[in-house]
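If you read the protein sequences in the order shown, they are chains C and F. Numbering of the first sequence is given in this note's numbering, commencing with residue 395 and proceeding in unit increments. Numbering of the second sequence is given in this note's numbering, commencing with residue 395 and proceeding in unit increments. Note that CB positions come from ideal geometry on N, CA and C, so glycine has one too. Encoded as structure tokens, the structure appears first; notes follow it.
Number of protein chains: 2
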Amino acid sequence: MSTNLTAVLDHIDADFDHSLERLFKLLRIKSISADPAFAGDCKAAADYLAGDIASLGVKAEVRPTGGHPAIVAKPNGKADGARPHVLFYGHYDVQPVDPVELWHSPPFEPVVTDHADGRKIIVARGAQDDKGQLMTFVEACRAWVAVTGSLPVDVTFLIEGEEEVGSKHLVSFLENNRNDLKADFALVCDTSMWDPNTPAITTALRGLVYDEVRITAANRDLHSGLFGGAAQNPIRVLTRILGGLHDDNGRVTIPGFYDGVKDLPPDILAQWKALDFTPESFLKPIGLSLPAGEKDRLLIEQVFSRPTCDINGIFGGYTAEGSKTVIASHATAKISFRLVGGQDPDKIRAAFRDFVKARVPKDCRADFIDHSGAPAVSLDWNMKPLAAAKRALTEEWGREAQLIGSGGSIPVVGDFKRVLGLDSVLVGFGLDDDNIHSPNEKYDLKSFQKGIRSWARILAALAESPKA
Amino acid sequence: MSTNLTAVLDHIDADFDHSLERLFKLLRIKSISADPAFAGDCKAAADYLAGDIASLGVKAEVRPTGGHPAIVAKPNGKADGARPHVLFYGHYDVQPVDPVELWHSPPFEPVVTDHADGRKIIVARGAQDDKGQLMTFVEACRAWVAVTGSLPVDVTFLIEGEEEVGSKHLVSFLENNRNDLKADFALVCDTSMWDPNTPAITTALRGLVYDEVRITAANRDLHSGLFGGAAQNPIRVLTRILGGLHDDNGRVTIPGFYDGVKDLPPDILAQWKALDFTPESFLKPIGLSLPAGEKDRLLIEQVFSRPTCDINGIFGGYTAEGSKTVIASHATAKISFRLVGGQDPDKIRAAFRDFVKARVPKDCRADFIDHSGAPAVSLDWNMKPLAAAKRALTEEWGREAQLIGSGGSIPVVGDFKRVLGLDSVLVGFGLDDDNIHSPNEKYDLKSFQKGIRSWARILAALAESPKA
Numbered sequence: 395m396s397t398n399l400t401a402v403l404d405h406i407d408a409d410f411d412h413s414l415e416r417l418f419k420l421l422r423i424k425s426i427s428a429d430p431a432f433a434g435d436c437k438a439a440a441d442y443l444a445g446d447i448a449s450l451g452v453k454a455e456v457r458p459t460g461g462h463p464a465i466v467a468k469p470n471g472k473a474d475g476a477r478p479h480v481l482f483y484g485h486y487d488v489q490p491v492d493p494v495e496l497w498h499s500p501p502f503e504p505v506v507t508d509h510a511d512g513r514k515i516i517v518a519r520g521a522q523d524d525k526g527q528l529m530t531f532v533e534a535c536r537a538w539v540a541v542t543g544s545l546p547v548d549v550t551f552l553i554e555g556e557e558e559v560g561s562k563h564l565v566s567f568l569e570n571n572r573n574d575l576k577a578d579f580a581l582v583c584d585t586s587m588w589d590p591n592t593p594a595i596t597t598a599l600r601g602l603v604y605d606e607v608r609i610t611a612a613n614r615d616l617h618s619g620l621f622g623g624a625a626q627n628p629i630r631v632l633t634r635i636l637g638g639l640h641d642d643n644g645r646v647t648i649p650g651f652y653d654g655v656k657d658l659p660p661d662i663l664a665q666w667k668a669l670d671f672t673p674e675s676f677l678k679p680i681g682l683s684l685p686a687g688e689k690d691r692l693l694i695e696q697v698f699s700r701p702t703c704d705i706n707g708i709f710g711g712y713t714a715e716g717s718k719t720v721i722a723s724h725a726t727a728k729i730s731f732r733l734v735g736g737q738d739p740d741k742i743r744a745a746f747r748d749f750v751k752a753r754v755p756k757d758c759r760a761d762f763i764d765h766s767g768a769p770a771v772s773l774d775w776n777m778k779p780l781a782a783a784k785r786a787l788t789e790e791w792g793r794e795a796q797l798i799g800s801g802g803s804i805p806v807v808g809d810f811k812r813v814l815g816l817d818s819v820l821v822g823f824g825l826d827d828d829n830i831h832s833p834n835e836k837y838d839l840k841s842f843q844k845g846i847r848s849w850a851r852i853l854a855a856l857a858e859s860p861k862a
Numbered sequence: 395m396s397t398n399l400t401a402v403l404d405h406i407d408a409d410f411d412h413s414l415e416r417l418f419k420l421l422r423i424k425s426i427s428a429d430p431a432f433a434g435d436c437k438a439a440a441d442y443l444a445g446d447i448a449s450l451g452v453k454a455e456v457r458p459t460g461g462h463p464a465i466v467a468k469p470n471g472k473a474d475g476a477r478p479h480v481l482f483y484g485h486y487d488v489q490p491v492d493p494v495e496l497w498h499s500p501p502f503e504p505v506v507t508d509h510a511d512g513r514k515i516i517v518a519r520g521a522q523d524d525k526g527q528l529m530t531f532v533e534a535c536r537a538w539v540a541v542t543g544s545l546p547v548d549v550t551f552l553i554e555g556e557e558e559v560g561s562k563h564l565v566s567f568l569e570n571n572r573n574d575l576k577a578d579f580a581l582v583c584d585t586s587m588w589d590p591n592t593p594a595i596t597t598a599l600r601g602l603v604y605d606e607v608r609i610t611a612a613n614r615d616l617h618s619g620l621f622g623g624a625a626q627n628p629i630r631v632l633t634r635i636l637g638g639l640h641d642d643n644g645r646v647t648i649p650g651f652y653d654g655v656k657d658l659p660p661d662i663l664a665q666w667k668a669l670d671f672t673p674e675s676f677l678k679p680i681g682l683s684l685p686a687g688e689k690d691r692l693l694i695e696q697v698f699s700r701p702t703c704d705i706n707g708i709f710g711g712y713t714a715e716g717s718k719t720v721i722a723s724h725a726t727a728k729i730s731f732r733l734v735g736g737q738d739p740d741k742i743r744a745a746f747r748d749f750v751k752a753r754v755p756k757d758c759r760a761d762f763i764d765h766s767g768a769p770a771v772s773l774d775w776n777m778k779p780l781a782a783a784k785r786a787l788t789e790e791w792g793r794e795a796q797l798i799g800s801g802g803s804i805p806v807v808g809d810f811k812r813v814l815g816l817d818s819v820l821v822g823f824g825l826d827d828d829n830i831h832s833p834n835e836k837y838d839l840k841s842f843q844k845g846i847r848s849w850a851r852i853l854a855a856l857a858e859s860p861k862a
């Protein structure tokens with residue numbers, strides 16, 4: 395290990411309280427991208443982060459998109475091409491906080507507290523996803539600059555503010571800012587470890603199609619006593635359609651849904667089988683015990699390599715306390731599909747809509763809202779920066795870093811490849827119990843500190859490895 | 395027609411503006427029984443009405459129940475038994491007003507306005523159900539007292555405040571106040587006309603079972619990317635169960651649901667077939683065209699004489715603007731069943747719950763809330779006061795009054811028979827397009843005015859007819 399890296403790692407540990415303070419400043423900003431009421435907070439988060447990143451020897455700018463702004467920060471002076479140039483990606487926007495009454499502390503007042511099992515954790519909306527994660531990289535860069543006066547590789551930053559709402563404006567932003575985003579490859583910090591002690595690099599990501607359907611029946615709410623039985627009930631129509639999306643074996647019933655989906659290569663399947671991925675380890679912590687997916691698939695396949703369909707929200711009629719004998723005029727549901735390689739998002743969306751329309755009674759109407767879509771991504775397991783990152787992670791954690799799949803979608807990875815021609819290395823320090831998208835989101839203090847140290851090592855390893 | 399009645403009818407027309415003012419005072423009170431936040435308003439409505447009724451020569455009291463209070467008003471002095479004694483029933487509570495943004499004017503600021511087709515209408519929550527309806531009777535009594543100094547029959551009033559939440563405390567109230575509620579028969583004003591020009595007396599009422607089910611899966615909300623496919627989704631579970639409540643022919647699939655349900659006698663069926671009750675007349679005004687009930691039944695049977703199942707509300711997961719890739723921890727639905735003669739409410743509720751429990755995955759849970767239940771009621775078409783009421787209505791409207799069924803439930807009718815031994819005569823002036831339980835509830839000005847005149851005639855007819 396180089397003298398420089400040793401000094402950088404020592405600096406990270408010595409300065410850790412300040413790293414935490416800086417993270418807390420970012421966590422206090424209510425940058426909820428889904429809700430227009432928080433647009434000002436999203437802008438404030440972008441401004442704050444751009445100011446912070448500017449101290450790393452890069453030229454940071456907040457740039458408009460069709461929605462919430464993005465931050466682009468380029469190396470000062472010209473990157474001379476002699477050393478590796480990485481594009482780092484993260485997102486400053488966070489999920490909504492509802493139901494807020496389930497939070498043990500206010501979601502935008504970060505605290506360090508004790509987890510039930512004794513782990514120290516940071517609790518706040520965005521503590522992990524993605525403010526905590528992106529700050530591991532920023533703090534690693536800060537330590538390199540503090541100790542050596544500069545970064546060991548050229549770094550361009552791209553921090554967006556619409557990841558949690560499907561990165562709607564990112565592709566056009568990449569196209570319009572192509573020249574400023576040139577790099578050799580991308581680093582993305584928005585994924586998880588294998589377990590609390592085992593680091594991981596994610597090399598397969600499921601895609602996503604997110605759609606909303608609204609069934610309209612009568613032209614107004616009706617009294618269920620006067621009209622019940624004779625008038626179509628849009629909740630009945632909706633539940634009948636959604637209730638038919640899976641068969642008794644947990645397979646999605648939409649015609650053509652599995653077109654192009656391939657079985658795992660036998661060697662990967664064998665590797666996954668060897669992992670401790672059981673209902674006991676994966677479902678018990680969340681209070682469940684039975685895999686809900688396709689009955690003829692391993693649990694790990696259900697999560698990493700098989701496409702799924704979930705209803706993320708449903709609403710209709712009277713839902714307050716007590717009872718109301720009403721037949722609603724309309725009912726809505728939000729439905730998302732996790733896609734794997736071979737599935738075309740546009741075809742899946744069309745097939746879903748056809749499935750719904752074919753089942754709507756003739757005197758009712760189905761309307762749809764397209765919330766987002768992205769194909770699945772499979773990364774090259776043999777790309778060179780991946781080996782450097784794997785070595786650095788293994789050294790920091792004292793355990794072999796795993797190459798894994800992820801059930802979640804990070805559409806930017808596909809966009810980077812398509813628009814910028816860049817491969818991505820996905821390293822993150824999240825854990826399955828981080829409650830991202832839920833009340834009481836947390837990030838292990840250990841994830842934050844060793845995450846910073848991991849990136850410091852990865853930057854050193856990339857600087858030493860031949861250009862990809 | 396007696397001189398007295400002529401004078402009373404003239405007085406009603408001359409005093410109609412004041413009748414409207416008094417109704418408006420009652421409509422301005424936000425007596426929503428379903429929402430505990432409005433308990434004070436319910437009390438205020440009871441106090442106001444008791445004060446108003448006291449001016450009719452009766453002794454009116456607001457009496458506590460286990461929930462919102464009820465008004466009991468008895469004849470001053472002893473009813474001597476020489477003339478008919480009626481128990482009049484109405485309710486001062488109203489339905490919630492959501493979605494309030496769909497109201498064209500604030501729900502508790504009554505206005506008289508023009509309907510699209512030119513009819514004058516009173517618009518407010520409760521304009522019809524049941525404040526407008528009950529005030530037709532109160533105003534008829536007021537006119538008799540104003541013109542003749544007294545009522546033509548003995549009248550006891552019972553006005554309750556929990557009809558819209560299932561009249562939960564009414565049975566025990568009837569039991570505890572049995573002595574003060576003695577009468578020869580009951581008059582109930584909470585039903586509809588056959589059409590805007592044809593009066594009706596309702597002689598068959600469907601019963602009601604109202605239940606709420608909550609499906610719980612994981613112990614917290616989950617990220618659908620990380621857990622989708624492997625973890626049970628309570629919305630998927632709920633929609634699958636509810637989507638299976640009806641078969642392709644519109645029949646309810648709960649085992650035993652139709653036990654005891656009888657076909658109509660051929661003569662009644664023939665009479666109903668002769669009525670103009672078609673998709674064109676009944677469904678088109680609400681924007682629909684196809685009967686949604688059992689395919690082998692007439693539309694009028696689906697509404698009047700067949701049991702039904704409706705989902706009145708459903709909620710789960712993320713339902714705000716935009717998208718959130720969440721798997722909810724739980725999902726809920728409110729389900730109601732309209733019952734007909736022969737169906738036992740307790741058995742139906744148990745059968746529904748068994749149906750749900752048999753379909754819940756082993757690692758999920760189903761919890762239930764009992765919102766209310768009441769059996770169906772069939773009244774004696776040959777009871778004597780019914781003939782008097784039919785004659786009076788026919789005279790007022792110039793069209794033969796129809797004896798009809800009603801899809802809605804008025805549990806009090808069964809309770810009156812069981813607890814007090816009283817038959818009921820159900821007369822009301824509602825119309826199908828009154829939007830009761832919906833935004834922009836209205837009552838035709840004609841319904842209000844001719845409703846008052848109808849009751850004035852009915853009171854006279856009852857006074858002249860031999861005691862039942």
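If you run the structure through DSSP and keep just helix, strand and coil, what is residue i?
i, result
"C:Ile648", "coil"
"C:Ser618", "helix"
"C:Lys811", "helix"
"F:Thr633", "helix"
"F:Thr610", "strand"
"C:Arg600", "coil"
"F:Arg732", "strand"
"F:Pro469", "strand"
"F:Tyr837", "strand"
"F:Ile852", "helix"
"F:Ala521", "coil"
"C:His640", "strand"
"C:Ile553", "strand"
"F:Lys453", "strand"
"C:Gly445", "helix"
Which one or two residues does DSSP pair with residue i in a beta bridge?
i, result
"C:Ile595", "C:Leu797, C:Val821"
"C:Ala580", "C:Leu481, C:Ser818"
"F:Gly711", "C:Gly707"
"F:Pro504", "DSSP output for F:Pro504 lists no bridge partner at all."
"F:Lys514", "F:Asp508"
Using only the alpha-carbon positions, how far apart do residue i and residue j sit?
i, j, result
"F:Gly822", "F:Ala781", "16 Å"
"F:Ala786", "F:Ala534", "13 Å"
"C:Gln522", "C:Pro590", "14 Å"
"F:Lys656", "F:Ser699", "9 Å"
"F:Thr673", "F:Gln489", "At residue 673 of chain F the sequence reads Pro, which differs from the Thr that was named. Between F:Pro673 and F:Gln489, the C-alpha separation is close to 27 Å."
"C:Ala476", "C:Ile680", "49 Å"
"F:Thr713", "F:Leu564", "37 Å"
Compare the beta carbon distance of residue i and residue j with 8 Å and say whether it is the shorter of the two.
i, j, result
"C:Phe871", "C:Val539", "Only positions 395 to 862 of chain C appear in this structure, which leaves residue 871 of chain C out of reach."
"F:Phe842", "F:Gly484", "no"
"C:Arg847", "C:Leu403", "yes"
"F:Val819", "F:Ala783", "yes"
"C:Cys436", "C:Gly520", "no"
"C:Leu856", "C:Val480", "yes"
Counting only C-beta atoms, is residue i closer than 8 Å to chain D at any point?
i, result
"F:Lys562", "In the displayed structure, chain D is absent; the protein chains listed are C and F."
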